[in-house]
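Notes for the one structure printed next.
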Amino acid sequence: MVQPTILRKRHSLKGLKLLPVIKKVRGGRPEGLKEFARMSKEKKTDVLELDQIENIVNSLTGENMIELLELAGRDIDVNEARWLLHCLIIFANEVGQPRGQALDDSTDPSTSASTGGSSTPVPLETAGPSKKRKHDVDTTLEERVLSLEKTSKWEMVQELKEKVRTLCLQDDPSNALILLTLDELSKAARKLNHEEADMFEELYRQANRY
């Protein structure tokens with residue numbers, strides 16, 4: 001019997017880029033997924049409520065759960081929140097190991113997705129080196145452009161500008177989400193030959209220094 005995926009000890013996504021997770025969440029829960037990954041063996045993700053998941057996501061990533069769901073284009077409800085947490089746990093098991101610890105930690109008792117005692121972490125197919133992550137950003141942008149192909153240049157760029165503004169005005173702004181949205185804005189403006197494309201690119205370069 002295949003055991004559920006469990007978050008490995010001391011693994012965290014704080015300070016890491018979550019683009020692969022956002023893309024995975026955007027695709028929606030696969031029909032073949034029978035059970036969500038868990039934070040611990042005892043607590044099923046399926047029984048967690050929205051406010052509980054919000055606290056867990058913040059603890060695991062340092063980011064706001066609602067903002068992550070909005071960025072992925074998903075509804076703000078408990079089922080989508082459980083799907084987000086599932087993807088975050090899998091990604092954390094792959095790349096969120098403590099510094100100095102090997103990723104393949106076969107002695108960790110919390111390692112999951114095993115059959116017959118063997119440890120087989122479930123891969124998050126979008127995780128990869130920086131070149132792959134850049135491709136993920138470009139792919140996400142292409143999807144957004146296609147979905148808004150009937151929208152004028154001004155409306156599309158204005159929407160992204162407003163999104164950046166909203167993120168910046170929050171009581172506890174997320175630098176990672178601001179940077180991600182600003183990058184999307186600069187790429188969209190350049191792709192559409194928007195008159196302010198140079199300014200957006202410069203803003204992104206300046207923000208990326210901090």
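Numbering (the UniProt record's numbering), first residue to last: 1 to 210. We put the beta carbon where it would ideally sit given N, CA and C, even for glycine.
Alpha carbon of residue i to alpha carbon of residue j, nearest angstrom
i           : j           : result
residue 173 : residue 167 : 6 Å
residue 74  : residue 202 : 30 Å
residue 8   : residue 49  : 22 Å
residue 3   : residue 11  : 19 Å
residue 209 : residue 34  : 42 Å
residue 23  : residue 36  : 18 Å
residue 51  : residue 44  : 15 Å
residue 87  : residue 98  : 19 Å
residue 175 : residue 198 : 21 Å
residue 93  : residue 155 : 40 Å
residue 171 : residue 32  : 39 Å
Cβ-Cβ separation, residue j to residue i (assumed contact under 8 Å), whole Å
i           : j           : result
residue 185 : residue 161 : 6 Å
residue 39  : residue 54  : 13 Å between Cβ atoms; not a contact.
residue 89  : residue 41  : About 12 Å; that fails the 8 Å criterion.
residue 196 : residue 189 : 6 Å
residue 57  : residue 84  : 7 Å
residue 26  : residue 72  : 4 Å
residue 67  : residue 169 : Incorrect: roughly 13 Å between the Cβ atoms, too far for contact.
Beta-carbon proximity list for residue i, same chain, < 7 Å, skipping 5 on both sides
i           : result
residue 16  : 95 and 96
residue 159 : none
residue 29  : 83
Where residue i falls: helix, strand or coil (DSSP)
i           : result
residue 26  : helix
residue 82  : helix
residue 205 : helix
residue 90  : helix
residue 165 : helix
residue 38  : strand
residue 76  : coil
residue 120 : For residue 120, the pLDDT reaches just 44, beneath the cut-off of 50, and the residue's location in the model is therefore unreliable, although a value from the coordinates is still provided. If DSSP states are grouped into helix, strand and coil, residue 120 belongs with coil.
residue 15  : coil
Close beta carbons around residue i, own chain, < 6 Å, minus the five adjacent residues each side
i           : result
residue 157 : 189 and 194
residue 204 : 182, 183 and 186
residue 200 : 185, 186 and 189
residue 206 : none
residue 78  : 50
Contacting residues, own chain, Cβ-Cβ under 8 Å from residue i (five flanking each side not counted)
i           : result
residue 59  : none
residue 14  : 60, 61 and 62
residue 69  : 25, 75, 76, 80, 81 and 84
residue 46  : 35, 36 and 82
residue 164 : 178, 181, 182 and 185
residue 104 : Low confidence applies to residue 104: its pLDDT is 45, below 50, so where it sits in the model is not reliable, and the reading given next is rough at best. For residue 104, where only same-chain residues beyond five positions count, there are no Cβ hits under 8 Å.
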